[in-house]
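Undergrad: Chains as they are written, first to last, in the working numbering: chain A, 13 to 582; chain B, 13 to 582. Note that beta-carbon positions come from the ideal geometry of N, C-alpha and C, so glycine has one too.
There are 2 protein chains.
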Amino acid sequence: MNLEALLATGVGKGQAEKVFKNARLVNVFTGEILETGLAVTGGRVVGVGDYRGAEELDLQGRYVCPGFIDGHVHLESSMVTPAEFARGIVPQGTTTVIADPHEIANVCGVAGIEYMLAATAALPLTVYLMLPSCVPATSLETAGARLTATDLAPFCSHPRVLGLGEVMDINAVLAGQADMMAKLELCRDMVLDGHSPGLSGKELNTYILAGVRSDHECVHPAEAWERLRLGMHLMLRESSASKNLQSLLPVVTPFTARRCLLVTDDRHPAELLHEGHINHLVRLAVQAGLDPVTVIQMATINTAQYFGLKDLGALAPGYAADFLVLDNLEDFRPLRVYRRGLLVAENGRLLVEPAVHRETAVEHTLRLSPLQSDQLRLPALGSRARVIGLVPQQITTRKMEMKAPNHQGCFVADPLADVLKLAVIERHHGTGNVGKGLVSGFGLSGGAIASSVAHDSHNVVVIGANDTDMITAVAEVARLGGGLALARDGKVLGSLALPIAGLMSLKPLEEVEAELSCLRRLAFQMGVRPWYDPFMTLAFLALPVIPELKLTDLGLVDVREGSIVPVAIA
Amino acid sequence: MNLEALLATGVGKGQAEKVFKNARLVNVFTGEILETGLAVTGGRVVGVGDYRGAEELDLQGRYVCPGFIDGHVHLESSMVTPAEFARGIVPQGTTTVIADPHEIANVCGVAGIEYMLAATAALPLTVYLMLPSCVPATSLETAGARLTATDLAPFCSHPRVLGLGEVMDINAVLAGQADMMAKLELCRDMVLDGHSPGLSGKELNTYILAGVRSDHECVHPAEAWERLRLGMHLMLRESSASKNLQSLLPVVTPFTARRCLLVTDDRHPAELLHEGHINHLVRLAVQAGLDPVTVIQMATINTAQYFGLKDLGALAPGYAADFLVLDNLEDFRPLRVYRRGLLVAENGRLLVEPAVHRETAVEHTLRLSPLQSDQLRLPALGSRARVIGLVPQQITTRKMEMKAPNHQGCFVADPLADVLKLAVIERHHGTGNVGKGLVSGFGLSGGAIASSVAHDSHNVVVIGANDTDMITAVAEVARLGGGLALARDGKVLGSLALPIAGLMSLKPLEEVEAELSCLRRLAFQMGVRPWYDPFMTLAFLALPVIPELKLTDLGLVDVREGSIVPVAIA
């Protein structure tokens with residue numbers, strides 16, 4: 013509704029569709045909490061003050077705060093559809109997310125981005141996209157797609173596309189590699205998100221010079237300070253895998269706060285259900301002693317401002333009427349959530365049924381011929397092998413060189429020796445590529461676990477105590493069109509179908525979480541050490557950008573060397 | 013220079029064209045002052061830290077701060093060309109201005125905007141424009157042009173046009189008037205500046221709902237608080253006529269500071285030369301006890317952020333190398349000013365010769381036939397008249413109803429009775445319109461003063477103790493093609509030519525100021541009361557948007573009534 017139409021409704025004379033009276037309004041501009049009324053027409057705030065409305069609600073002094081914005085999230089990590097994701101997070105107070113569909117784009121390319129746009133078009137949640145900048149993430153693996161600047165260009169004019177997603181390929185930036193330059197140039201007038209763990213000094217300066225103006229990979233305050241000083245916006249992240257919020261809070265000062273924002277990056281079903289979403293981060297920061305309005309700014313106006321979203325993140329005339337009703341500024345469990353002036357959630361439950369979008373292009377994407385046992389053979393040259401050593405609580409691994417179990421000239425798994433076999437099977441193009449390796453520390457006493465969630469290319473990864481169970485588990489993942497599977501003694505013990513790109517289920521979030529929880533228990537019963545999340549650990553074993561030793565469909569990767577290395581040591 | 017080209021120069025490896033070593037760098041992101049070096053290549057900051065450069069300058073611990081940005085200025089008020097304006101303000105540390113060419117557009121329409129763009133294209137000063145939103149300012153006068161949304165549209169794609177200038181016609185906004193709606197719609201995705209003196213409550217809410225997100229007309233803190241709470245950016249103004257900065261400083265808190273910016277609006281030659289420009293405002297605010305870095309933010313990054321200028325207002329990789337070298341953070345008289353990495357001013361003097369742009373379309377714009385004495389006749393009905401009563405230190409006037417001097421059935425000036433005659437002569441279209449009125453309080457004992465600077469339509473305004481001298485003064489203004497003139501006893505005592513749109517001189521700023529100073533002295537010798545600036549007072553007597561009684565070429569305006577009223581009272 014434009015201004016002329018709004019004026020025709022009497023807005024200028026103090027009449028509105030809905031008026032929320034007696035609110036304690038959190039003012040993110042002045043830091044005040046003011047007792048006032050909020051007038052809404054056509055989904056927008058049309059006035060703050062004493063208004064009359066066709067509908068009037070007395071909030072009896074409850075707090076009203078702008079809807080939360082997640083500045084960076086891969087919503088595939090929720091393992092559910094965007095509709096289910098919305099059902100999970102809107103009742104927690106998140107009304108807008110800026111999503112980077114990096115995972116589905118690595119599987120489905122342009123079709124993955126198109127799916128994300130279509131599937132988020134009519135949700136009770138506003139979803140903006142950042143274009144995945146690094147598909148594939150490296151040249152040491154086979155992804156489902158390769159996205160060049162030319163592929164991304166048509167998306168730039170989409171009203172819900174804001175810029176270029178986390179620029180992970182730092183080397184391509186620093187080397188001035190042509191396609192990366194083309195992507196940066198393409199998005200020059202948009203927002204460029206960063207991803208620069210550990211980068212510092214001149215390299216960091218150059219990376220920022222390229223136009224990158226945010227980072228969500230800071231772990232230590234010193235990294236955060238360096239980035240803030242150089243003009244980056246600091247995204248304080250609390251994901252399922254990386255909990256960095258609390259250690260970064262000391263960096264938030266009256267000067268820096270405006271350039272700090274809260275992001276979840278990846279949150280899995282269990283954390284979404286049991287902890288929450290951005291409201292969890294807000295709660296943690298307030299518990300840590302920060303001023304609540306400063307924290308709310310980090311979850312609202314700061315994020316909106318960084319992304320140039322002029323009508324989000326605050327409650328003032330012209331802003332979207334996205335807001336939460338709270339009875340305190342401590343637990344941040346909204347009593348009610350309004351989006352565009354409509355009540356969409358109450359007491360933790362979504363009140364509207366989000367539309368599920370189906371798209372055959374992103375379903376049943378696995379091209380996988382049945383795995384043959386000879387494909388898993390891992391010839392030894394002698395007795396010694398390069399073995400991936402797991403590190404508790406980390407997604408980094410250690411490069412181990414050790415004597416490994418050996419049978420008829422080939423390395424084999426041997427639970428008693430704490431060595432399992434790992435394979436990554438290319439699943440996008442039917443190449444038949446199978447990368448093989450050995451892992452120490454995981455703990456399976458028998459059986460195998462397979463998954464089509466394997467960052468970032470999402471080939472099928474399988475770990476096992478014997479080849480037969482590995483074949484069975486992979487066959488089950490193939491049968492499901494993507495998913496997780498556990499097998500033992502030639503039988504499937506349990507599985508979860510993830511038919512959308514092999515990453516997301518079509519089931520409700522609670523069901524996915526319940527099934528995952530069952531599978532996790534099964535995995536622990538199969539011997540996985542209790543300090544590992546079995547599926548997350550497996551998923552990151554295939555990510556060749558995190559040191560030291562990882563496995564892709566092309567083979568064992570020495571991450572620091574940036575090259576494929578043999579398992580067998582001569 | 014793009015990133016690829018920059019990398020080719022060795023930037024990524026720590027090499028730059030110029031390196032400024034041992035700087036105390038004012039970091040507007042973190043509020044810190046850090047001892048470091050600044051590397052510059054291709055006019056941009058390429059790194060902060062320890063760099064090597066083809067040219068290296070040791071700043072010996074001096075302060076380096078981003079160049080100042082004026083968020084709202086009518087540069088016509090400097091009465092000199094844009095080139096001279098640059099010569100006046102760049103050495104004071106202003107490297108960017110956001111100018112609203114409202115004055116010249118009222119005279120020359122589209123040609124005035126085109127001239128401003130052309131004349132500011134190659135200066136050692138970055139000039140962005142806001143499109144004048146209200147030409148003419150009212151329907152109670154004859155302006156040189158009428159600018160509709162259709163006229164403004166072609167300018168929107170210009171890279172130095174940022175949005176819609178101060179939306180003064182509040183009534184048009186509140187009434188949903190079609191052409192105003194079209195202008196707001198035209199600039200919806202750009203920046204919309206406000207001008208809403210005294211507006212409050214529901215009307216202010218509606219004005220903001222229209223998309224207006226700033227105001228520079230606040231006088232009292234209460235007005236500022238209301239605007240900040242409703243999402244407006246607060247422009248703290250210190251113009252020659254309206255000195256509002258100090259009274260608004262209490263509004264600047266750690267929460268609100270980010271939404272506060274410093275603007276000059278109108279500064280005349282004397283203030284530009286003797287006080288300074290934005291540096292004067294910065295100095296005042298620091299003297300008032302504000303944290304210097306907070307104040308510098310209000311003159312740099314806050315302004316850049318409000319206007320969406322992503323590479324201005326800070327010194328970090330990718331930002332323009334616009335900066336000042338200062339030896340303290342108190343007087344803000346820059347030792348040196350760098351723009352795009354080049355030394356452009358030193359010790360208060362510009363080092364480069366700014367290019368003067370000439371454009372016949374904006375020169376000698378007066379269409380004025382010789383004024384006849386009968387055109388100045390002001391018939392009386394009885395002895396009483398409506399008289400404009402001046403108010404010391406204000407641009408508002410009082411509506412007086414009094415017995416006025418009368419000769420042969422017409423009102424006449426009579427210095428002894430403290431009544432002078434005022435006339436506004438239409439000068440754009442040769443209509444021959446002459447508005448006539450009476451003024452009390454100005455103080456001329458004889459002679460007349462005429463000016464083609466008369467807000468906002470800039471017709472010729474003349475005040476006098478007798479008709480003959482009024483005709484002589486106007487004839488001199490006409491002869492000059494626009495300007496100021498003083499006449500007495502049928503002779504011109506002094507004048508200043510303002511050939512560009514009747515607003516700006518072609519002479520250097522110092523000369524203009526010296527001549528103005530002479531004319532001002534002459535005016536005081538002619539009896540003008542010492543508490544009035546003769547020319548500024550005259551210029552505002554024709555502005556029919558400031559209460560209570562003003563004069564335009566169409567007649568005497570009762571501003572509160574919004575209508576023309578007769579001088580004579582029956």
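Please report whether the beta-carbon of LYS341 of chain A lies at a distance below 8 Å from any beta-carbon of chain B.
TA: On the first sequence, residue 341 of chain A is found 329 positions in, with the first residue counted as 1. With the sequence shown as reference, residue 341 of chain A is identified as Leu, and Lys is not the correct amino acid for it. Answer no: the Cβ-Cβ gap between LEU341 of chain A and chain B never drops below 8 Å.
Undergrad: List the residues of chain A whose Cβ lies closer than 8 Å to the Cβ of ILE588 of chain B, in chain order.
TA: Nothing can be reported for residue 588 of chain B, as the shown portion of chain B is limited to 13 through 582.
Undergrad: Need the endpoints of the alpha helix (DSSP H) that ASP323 of chain B sits in, please.
TA: Position 311 of the second sequence, counting from 1, holds the residue named residue 323 of chain B. Note, ASP323 of chain B: premise wrong, no alpha helix (DSSP H); not H, not E.
Undergrad: Check the Cβ-Cβ distances between PHE41 of chain B and every residue of chain A, and say whether any is below 8 Å.
TA: By 1-based counting over the second sequence, the position of residue 41 of chain B is 29. Judged by the 8 Å Cβ criterion, PHE41 of chain B is in contact with chain A.
Undergrad: Scan the stretch 179-264 of chain B and note each continuous beta strand (DSSP E) run of 3 residues or more that stays entirely inside, going in chain order.
TA: Segments of the beta strand (DSSP E) lying fully in the stretch 179-264 of chain B: 203-206, 245-249.
Undergrad: Flag this pair as yes or no: are the beta carbons of PHE335 of chain B and LEU327 of chain B separated by less than 8 Å?
TA: Counting from 1 along the second sequence, the entry for residue 335 of chain B is found at position 323. Counting from 1 along the second sequence, the entry for residue 327 of chain B is found at position 315. Contact: yes.
Undergrad: Which one or two residues does DSSP pair with ALA35 of chain B in a beta bridge?
TA: The sequence position of residue 35 of chain B within the second sequence is 23, counting from 1. According to DSSP, ALA35 of chain B bridges with B:THR48.
Undergrad: Could you please give me the residues that DSSP links to VAL173 of chain B through a beta bridge?
TA: Stepping through the second sequence from its first residue, residue 173 of chain B is reached at position 161. Paired residue(s): B:LEU141.
Undergrad: Of the residues A:THR315, A:ASN471, A:THR306, which one's Cα is nearest the Cα of VAL38 of chain A?
TA: One-based indexing of the first sequence puts residue 38 of chain A at position 26. Among A:THR315, A:ASN471, A:THR306, the Cα nearest to that of VAL38 of chain A is on A:THR306.
Undergrad: Name the residue from A:HIS207, A:GLU126, A:ALA161, A:VAL224 whose alpha carbon lies nearest to the alpha carbon of ALA194 of chain A.
TA: Reading the first sequence from its first residue, position 182 is the one you call residue 194 of chain A. The residue with the shortest Cα to Cα distance from ALA194 of chain A is A:ALA161.
Undergrad: Counting only beta-carbon separations shorter than 8 Å, does LYS195 of chain A have a partner in chain B?
TA: Start at 1 with the first residue of the first sequence, and residue 195 of chain A comes out as number 183. Chain B, which has no Cβ nearer than 8 Å to the Cβ of LYS195 of chain A, makes this no.
Undergrad: Take every Cβ of the stretch 461-477 of chain B, pair it with every Cβ of the stretch 542-562 of chain B, and state whether three or more of those distances are shorter than 8 Å.
TA: Result yes; three or more Cβ-Cβ pairs closer than 8 Å.
Undergrad: Give the straight-line distance between the Cα atoms of GLU203 of chain A and ILE220 of chain A, rounded to the nearest whole angstrom.
TA: Within the first sequence, the letter at position 191 stands for residue 203 of chain A. Within the first sequence, the letter at position 208 stands for residue 220 of chain A. Checking the sequence shown, residue 203 of chain A turns out to be Val, not Glu. Roughly 12 Å between the two C-alpha positions.
Undergrad: Does THR268 of chain A get closer than 8 Å to chain B when you measure Cβ to Cβ?
TA: Locating residue 268 of chain A in the first sequence gives position 256, where the first residue counts as 1. Yes, because at least one Cβ of chain B sits closer than 8 Å to the Cβ of THR268 of chain A.
Undergrad: Given a cut-off of 8 Å, decide if PRO556 of chain B and VAL571 of chain B are closer than it, judged by their beta-carbon atoms.
TA: As a first step, residue 571 of chain B is located in the second sequence; it is residue number 559 there, counting from the start. As a first step, residue 556 of chain B is located in the second sequence; it is residue number 544 there, counting from the start. The answer is yes: Cβ separation under 8 Å.
Undergrad: Beta-carbon within less than 7 Å of ILE182 of chain B's beta-carbon, same chain only, minus the 5 sequence neighbours each way: which residues are those?
TA: As a working note, residue 182 of chain B is residue 170 in the second sequence. Taken in chain order, the residues that qualify are SER208, LEU211, TYR219.
Undergrad: On the criterion of 16 or more Cβ atoms from any shown chain inside 10 Å, does GLY442 of chain B qualify as buried, or is it exposed?
TA: Residue numbering aside, residue 442 of chain B sits at position 430 when the second sequence is read from its first letter. It counts as exposed.
Undergrad: Taking the straight line between their C-alpha atoms, what separation do you get for GLY394 of chain A and ALA582 of chain A?
TA: Along the first sequence, one-based indexing puts residue 394 of chain A at 382. Along the first sequence, one-based indexing puts residue 582 of chain A at 570. Answer to the nearest angstrom: the Cα atoms are 6 Å apart.
Undergrad: Within the chosen definition, does the stretch 266-284 of chain A reach the stretch 248-255 of chain A through at least 3 CB pairs nearer than 8 Å?
TA: Counting Cβ pairs under 8 Å, three or more are found: they touch.
Undergrad: For a contact meaning CB atoms closer than 9 Å, what does ARG271 of chain A contact in chain B?
TA: Within the first sequence, numbered from 1, the residue matching residue 271 of chain A stands at position 259. The answer, in chain order, is PHE41, THR42.
Undergrad: Pairs of beta-carbons, one from the stretch 418-425 of chain B and one from the stretch 352-361 of chain B, closer than 8 Å: are there three or more?
TA: No, they do not touch.
Undergrad: Between SER469 of chain A and THR312 of chain A, what straight-line distance do the alpha-carbon atoms span, to the nearest angstrom?
TA: Start at 1 with the first residue of the first sequence, and residue 469 of chain A comes out as number 457. Start at 1 with the first residue of the first sequence, and residue 312 of chain A comes out as number 300. About 32 Å.
Undergrad: Helix, strand or coil for CYS146 of chain B per DSSP?
TA: Taking the second sequence and counting its residues from 1, the one referred to as residue 146 of chain B is at position 134. If DSSP states are grouped into helix, strand and coil, CYS146 of chain B belongs with coil.
Undergrad: Who are the Cβ neighbours of THR408 of chain A in its own chain at under 6 Å, not counting the five residues just before and after it?
TA: Translated into the one-based positions of the first sequence, residue 408 of chain A becomes position 396. Result list for THR408 of chain A: ILE558, PRO559, in chain order.
Undergrad: Answer yes if the stretch 374-384 of chain A comes into contact with the stretch 137-147 of chain A, meaning at least three C-beta pairs across the two stretches below 8 Å, and no otherwise.
TA: Segments in contact, no.
Undergrad: Determine the burial state of LYS25 of chain A: buried for a count of at least 16 other Cβ atoms within 10 Å of its Cβ, exposed for fewer.
TA: For the purposes of this step, residue 25 of chain A is identified with residue 13 of the first sequence, where counting begins at 1. It counts as exposed.
Undergrad: For my contact list, VAL58 of chain B and ALA51 of chain B are in at a C-beta cut-off of 8 Å; report their separation, rounded to the angstrom.
TA: Numbered from 1 along the second sequence, position 46 holds the residue referred to as residue 58 of chain B. Numbered from 1 along the second sequence, position 39 holds the residue referred to as residue 51 of chain B. VAL58 of chain B to ALA51 of chain B, Cβ: 5 Å. Contact.
Undergrad: Cβ atoms of ALA526 of chain A and SER517 of chain A: under 8 Å apart, would you say?
TA: As a working note, residue 517 of chain A is residue 505 in the first sequence. As a working note, residue 526 of chain A is residue 514 in the first sequence. Not in contact: SER517 of chain A and ALA526 of chain A (Cβ atoms no closer than 8 Å).
Undergrad: Please report the distance separating the alpha-carbon of PRO346 of chain A from that of ASP227 of chain A.
TA: In the first sequence, counting from the first residue as 1, residue 346 of chain A sits at position 334. In the first sequence, counting from the first residue as 1, residue 227 of chain A sits at position 215. If I take the Cα positions, the gap works out to 29 Å.
Undergrad: For SER90 of chain A, does the count of other Cβ atoms within 10 angstroms reach 16, so buried, or fall short, so exposed?
TA: For the purposes of this step, residue 90 of chain A is identified with residue 78 of the first sequence, where counting begins at 1. Classification of SER90 of chain A: buried, given that the 10 Å Cβ count is 16 or more.
Undergrad: Please tell me whether PHE344 of chain A and ILE110 of chain A are closer than 8 Å, where the distance is taken between their beta carbons.
TA: Translated into positions along the first sequence, residue 344 of chain A becomes position 332. Translated into positions along the first sequence, residue 110 of chain A becomes position 98. Not in contact: PHE344 of chain A and ILE110 of chain A (Cβ atoms no closer than 8 Å).
Undergrad: Around the C-beta of LEU19 of chain B, are 16 or more other C-beta atoms found within 10 angstroms, so that it is buried, or is it exposed?
TA: Position 7 of the second sequence, counting from 1, holds the residue named residue 19 of chain B. With 16 or more other Cβ atoms within 10 Å, it is buried.
Undergrad: Measure the beta-carbon distance from ALA133 of chain B to PRO366 of chain B and round it to whole angstroms, keeping in mind my assumption that it falls under 8 Å.
TA: Here residue 133 of chain B refers to the residue found at position 121 of the second sequence. Here residue 366 of chain B refers to the residue found at position 354 of the second sequence. With a Cβ gap of about 11 Å, ALA133 of chain B and PRO366 of chain B do not count as contacting.
Undergrad: Would you say ARG241 of chain A faces chain B, with C-beta separation under 8 Å as the test?
TA: The sequence position of residue 241 of chain A within the first sequence is 229, counting from 1. True, the Cβ-Cβ gap to chain B drops below 8 Å.
Undergrad: Between the stretch 199-218 of chain A and chain B, which residues of the former have a C-beta closer than 8 Å to a C-beta of the latter?
TA: Correct list: GLY213, LYS214, GLU215, ASN217, THR218.
Undergrad: I need the DSSP call for ALA70 of chain B, collapsed to helix, strand or coil.
TA: Residue mapping note: residue 70 of chain B aligns to position 58 of the second sequence, counting from 1. The identity of residue 70 of chain B in the sequence shown is Asp, whereas the question assumes Ala. Strand at ASP70 of chain B.
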